[in-house]
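**Student:** Residue numbers (the numbering used here), protein chains in the order written: chain A, 126 to 293; chain B, 126 to 293.
Glycine is no exception: its CB is placed at the ideal position from the N, C-alpha and C atoms.
Protein chains: 2
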Amino acid sequence: MQVSARGECAVRIALTLATDHPRTISAGALASAQGLPGKFAEVILGDLRRAHLVASARGVEGGYRLARGPERISVGEVLRAVDGPLSEVRGRRPEETSYEGAAVNLPRLWVAARAAVRSVLDEVSLEQAATGEFPVRVAELTAQEGAWFPRLGCAAGTRDLKSTYPIE
Amino acid sequence: MQVSARGECAVRIALTLATDHPRTISAGALASAQGLPGKFAEVILGDLRRAHLVASARGVEGGYRLARGPERISVGEVLRAVDGPLSEVRGRRPEETSYEGAAVNLPRLWVAARAAVRSVLDEVSLEQAATGEFPVRVAELTAQEGAWFPRLGCAAGTRDLKSTYPIE
DNA sequence: CTTGAATCCTACTTGATCGATAGGATATGC
DNA sequence: GCATATCCTATCGATCAAGTAGGATTCAAG
């Protein structure tokens, strides 16, 4: 699950809109509230508008507000609006993959992984994310022991080791 | 959860090695077994070797085999070896993020999403992925109604709509 | 009816990354 | 020493991400 800078900014902006809902707020005010470049925020708000997640008004006193109540928009929707599908395998949807031989069962695994991601991002509303009152299933995930630590064994930095590991 | 071409090929190769474990197989044979470019497979096998997931032998009768039994290597490990961390937010680990204002609770959400991905990819071994006998929790995810369908509402293709949606 | 504040649109730049490919150096068994 | 492998370095084109720039358009207030 890779979240781009655009995705991260989109969620931060959406959360800011959620806490002040249904007030109309300008792109500049949203950007400075979260410490983002103003023009970048403008581009992202354009994506959110085209996805029908925010509504906009031009001119003085103009700005943006959520198109629905913050309890009726999920974080997953916001991410999809700016980054496209939550899960892709080689640029294709999980269910569109197909393999032969030893990998015939892989599509089921890709679909399961996507379902797992959805079970978090599509089940948490902007309101819940703003208040921190997550659904029980989600809260349980963050309470696990190892959830807050990177999983080692082959961390990214070790990939350029010069050592080799021949058989026996 | 984005799986690159490298990640997909790495898993397919690992599954091929898993089904013939512990036989030693050449890069060329692995590539043709899964219909992959031979040189590409070589690069990927180099990554898997440096991550200690496969062992190699040079010369005639040389090739690759899994460094551990296929029941003791997870799909997640294979993906990390070639693509780096399973989950990142703007290039950082979920637990390394930090926000102010309306987004203070976001790190918990990122961590939960990562935990969800791990609960699938780190819980399925190469052996399970090869046989299709997934753990119960994972199998339940693939059995859900909507798991095999894309989630609409803001599909990728609709992002370039020219229409605007002003307030009121 | 002008002015200023805001959205909105198009284009651009810069750098990184991805998906390969090429050629050759090195090791191994027969 | 020869065939077959791994292994290393370098390269390539295409794509994309992140952010910038400038201006056209819209609207309310004075």
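Sorted by chain position, which residues of the same chain lie with C-beta nearer than 7 Å to V314/B's C-beta, five sequence neighbours on each side aside?
**Tutor:** The structure shown does not extend to residue 314/B, since chain B is modelled only from 126 through 293, so no value can be given for it.
**Student:** Taking beta-carbon pairs under 8 Å, can you tell me which members of the segment 236-253 of chain B lie near chain A?
**Tutor:** Residues passing the 8 Å Cβ filter: V236, A237, A238, R239, A240, A241, V242, R243, S244, V245, L246, D247, V249.
**Student:** If you run the structure through DSSP and keep just helix, strand and coil, what is V263/A?
**Tutor:** Three-state result, V263/A: helix.
**Student:** So, is V136/B buried or exposed, given that buried needs 16 or more other C-beta atoms within 10 angstroms?
**Tutor:** It counts as buried.
**Student:** Which residues in chain A sit within 7 Å of V263/B, going by Cβ to Cβ distance?
**Tutor:** The contacting residues are A237.
**Student:** Check whether the segment 236-245 of chain B touches the segment 198-215 of chain B, counting contact only when three or more Cβ pairs, one atom from each stretch, lie closer than 8 Å.
**Tutor:** Yes, since at least three Cβ pairs between the segment 236-245 of chain B and the segment 198-215 of chain B fall closer than 8 Å, the two stretches touch.
**Student:** For L140/B, collect the residues of the same chain with a Cβ closer than 8 Å to its Cβ; drop the 5 residues on either side in sequence, then sort them by chain order.
**Tutor:** L251, A254, A255.
**Student:** Label L205/B either buried or exposed according to how many other C-beta atoms from any shown protein chain fall within 10 Å of its C-beta, with 16 as the threshold for buried.
**Tutor:** The question names Leu, yet the displayed sequence has Arg at residue 205/B. Buried, since its Cβ has 16 or more Cβ neighbours within 10 Å.
**Student:** Using the Cα positions of E265/B and A182/A, report the straight-line distance between them to the nearest angstrom.
**Tutor:** Taking the straight line from one Cα to the other gives about 45 Å.
**Student:** Indicate the three-state DSSP secondary structure (helix, strand or coil) for S250/A in the structure shown.
**Tutor:** Correct three-state label for S250/A: strand.
**Student:** Kindly list, in the order they appear in chain A, the residues whose Cβ is closer than 8 Å to that of V136/B.
**Tutor:** By Cβ distance, chain A contributes A228, L231.
**Student:** Please state if the CB of A152/A and the CB of A166/A are separated by a distance shorter than 7 Å.
**Tutor:** Yes, the pair counts as a contact, with Cβ atoms nearer than the cut-off.
**Student:** Who are the near neighbours of A281/A in its chain, counting only those whose CB is closer than 6 Å to its CB and skipping five residues on each side?
**Tutor:** Any reading at A281/A is ruled out, since the residue's pLDDT is 36, under 50, leaving its predicted position unreliable.
**Student:** Taking a contact to mean a Cβ-Cβ separation below 7 Å, would you say W273/A touches E220/B in this structure?
**Tutor:** Cβ atoms of W273/A and E220/B: closer than 7 Å.
**Student:** Taking 7 Å as the limit between beta carbons, can you name the residues of its chain near L286/A, skipping five residues before and five after?
**Tutor:** Because the pLDDT at L286/A is just 40, under 50, the model does not fix this residue reliably, and the value given afterwards should be weighed accordingly. No residues qualify anywhere along the chain.
**Student:** For a contact meaning CB atoms closer than 9 Å, what does P195/A contact in chain B?
**Tutor:** The premise fails here: P195/A is roughly 10 Å from chain B at the closest Cβ pair, so nothing lies under 9 Å.
**Student:** Between L161/B and the rest of its own chain, which residues show a CB-CB distance below 6 Å, the 5 nearest in sequence each way excluded?
**Tutor:** Counting only Cβ-Cβ distances below 6 Å, and skipping sequence neighbours, we find C134.
**Student:** By DSSP, does Q127/A sit in helix, in strand, or in coil?
**Tutor:** Three-state result, Q127/A: strand.
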